[in-house]
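Worksheet: the structure to be examined is printed underneath.
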Amino acid sequence: MKTKLHACIIDDQDDGKSISQLLKNEFPEFEIDFQTSSIQFASDYLSKNSPDILFVDIQLVDETTVEILSKFRESPSPIIFITDSEKSAIQAIKKGITDYLLKPVRNLDFVLTVNKAIENFKKNKVSILNNSIQNKINLPTLQGFKRVNIDEIIRCEADSNYTFIYLLDKTKVIVSKTLYDFEKNLSEYNFFRIHHKHLINLEHLKEYIKGKGGQVVMADNSVLDVSIRKKNEFLHKIA
Numbered sequence: 001m002k003t004k005l006h007a008c009i010i011d012d013q014d015d016g017k018s019i020s021q022l023l024k025n026e027f028p029e030f031e032i033d034f035q036t037s038s039i040q041f042a043s044d045y046l047s048k049n050s051p052d053i054l055f056v057d058i059q060l061v062d063e064t065t066v067e068i069l070s071k072f073r074e075s076p077s078p079i080i081f082i083t084d085s086e087k088s089a090i091q092a093i094k095k096g097i098t099d100y101l102l103k104p105v106r107n108l109d110f111v112l113t114v115n116k117a118i119e120n121f122k123k124n125k126v127s128i129l130n131n132s133i134q135n136k137i138n139l140p141t142l143q144g145f146k147r148v149n150i151d152e153i154i155r156c157e158a159d160s161n162y163t164f165i166y167l168l169d170k171t172k173v174i175v176s177k178t179l180y181d182f183e184k185n186l187s188e189y190n191f192f193r194i195h196h197k198h199l200i201n202l203e204h205l206k207e208y209i210k211g212k213g214g215q216v217v218m219a220d221n222s223v224l225d226v227s228i229r230k231k232n233e234f235l236h237k238i239a
């Protein structure tokens with residue numbers, strides 16, 4: 001049995017009836033969770049839900065529409081634009097919409113386009129899952145290890161052969177590894193060593209204070225020195 005997929009339809013022509021009928025006929029594995037003729041109603045829905053596919057059949061793709069759809073594009077779910085104008089379709093593609101269908105929509109074209117969208121959606125979901133798995137790190141402790149998301153790490157601080165790891169939840173983990181070990185593993189995740197004692201996550205940098213080397217203020221409100229030797233490279237990195 002096929003897993004159910006979820007669709008949202010925005011259609012100011014006939015309130016989604018044509019698209020929904022095509023979807024029911026050709027793809028019974030889809031459930032239509034929401035359909036509307038209003039882009040504003042759709043915006044409210046999409047702010048709280050993430051359907052697997054979004055169908056859009058509207059005459060005017062204005063700035064408001066583009067803004068709403070661009071927020072939805074942060075998800076891996078595809079957007080299929082249905083229009084009677086190839087010019088409008090090309091403009092929509094340029095603005096980030098995944099694919100389009102020209103009216104009158106033929107069944108074969110609909111099936112091919114939706115199949116392609118589903119395949120790409122599933123690939124994107126696998127890619128995101130793999131990235132999520134890869135973006136975790138094990139922090140060995142005396143009791144075993146603590147597994148954390150890398151983006152939860154604010155900064156790492158050297159203390160001889162140990163490293164203090166400061167996390168977003170305000171906990172501190174003491175790890176029996178050197179700061180150099182963490183620098184090697186975390187540099188590709190936008191971490192930067194500003195000082196022989198400090199490796200910081202640039203995503204959690206709040207402020208830079210000018211000075212000989214300068215100082216940074218981090219998300220946990222810690223104030224850390226930037227070494228003179230690292231200053232230019234650091235400023236170039238965050239520019």
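Residue numbers (full-length UniProt numbering): 1 to 239. Virtual Cβ for every residue (Gly too), placed ideally from N, Cα, C.
For this session: Indicate the three-state DSSP secondary structure (helix, strand or coil) for residue 229 in the structure shown.
Result: In the three-state reduction of the DSSP assignment, residue 229 falls in the helix class.
For this session: Within the UniProt domain "Response regulatory" (5–118), note down every full beta strand (DSSP E) run reaching 3 residues or more, in order along the chain.
Result: Qualifying beta strand (DSSP E) stretches, in chain order: 5–11, 30–36, 53–57, 79–83, 99–102.
Exercise. Does the distance from the CB of residue 79 to the CB of residue 101 come in under 8 Å?
Worked result: Going by C-beta atoms, residue 79 is not nearer than 8 Å to residue 101.
Problem set entry | Environment of residue 1 [buried if 16+ CB atoms lie within 10 Å] | Note that residue 1 scores 41 on pLDDT, short of 50, meaning its location in the model is unreliable and no value can be drawn from it.
Exercise. Ordered along the chain, which non-local residues of its own chain (more than five positions away) have a Cβ less than 8 Å from that of residue 42?
Worked result: 8, 10, 34, 36, 68
Exercise. Does the beta-carbon of residue 230 have 16 or more other beta-carbons within 10 angstroms, so that it is buried, or is it exposed?
Worked result: buried
For this session: Could you tell me whether the stretch 109–128 touches the stretch 141–151, where touching means 3 or more Cβ pairs closer than 8 Å?
Result: With the cut-off at 8 Å, the stretch 109–128 and the stretch 141–151 do not touch.
Problem set entry | Three-state class that DSSP yields for residue 223 in the structure shown | strand
Problem set entry | 8 Å contact criterion, which residue 174 and residue 166 should meet: CB distance rounded | Their Cβ separation, rounded to whole angstroms, is 11 Å, which puts residue 174 and residue 166 out of contact at 8 Å.
Exercise. Looking at the unbroken alpha helix (DSSP H) that takes in residue 184, where does it start and where does it end?
Worked result: 179–186
Problem set entry | Secondary structure of residue 167, DSSP reduced to three states | When DSSP states are grouped into helix, strand and coil, residue 167 belongs to the strand group.
For this session: Return yes when the Cβ of residue 52 is within less than 8 Å of the Cβ of residue 18, no when it is not.
Result: no
Exercise. Opposite residue 207 in the DSSP bridges: which residues?
Worked result: 217
For this session: Buried or exposed for residue 193, please, with buried defined as at least 16 other CB atoms from any protein chain shown within 10 angstroms of its CB.
Result: buried
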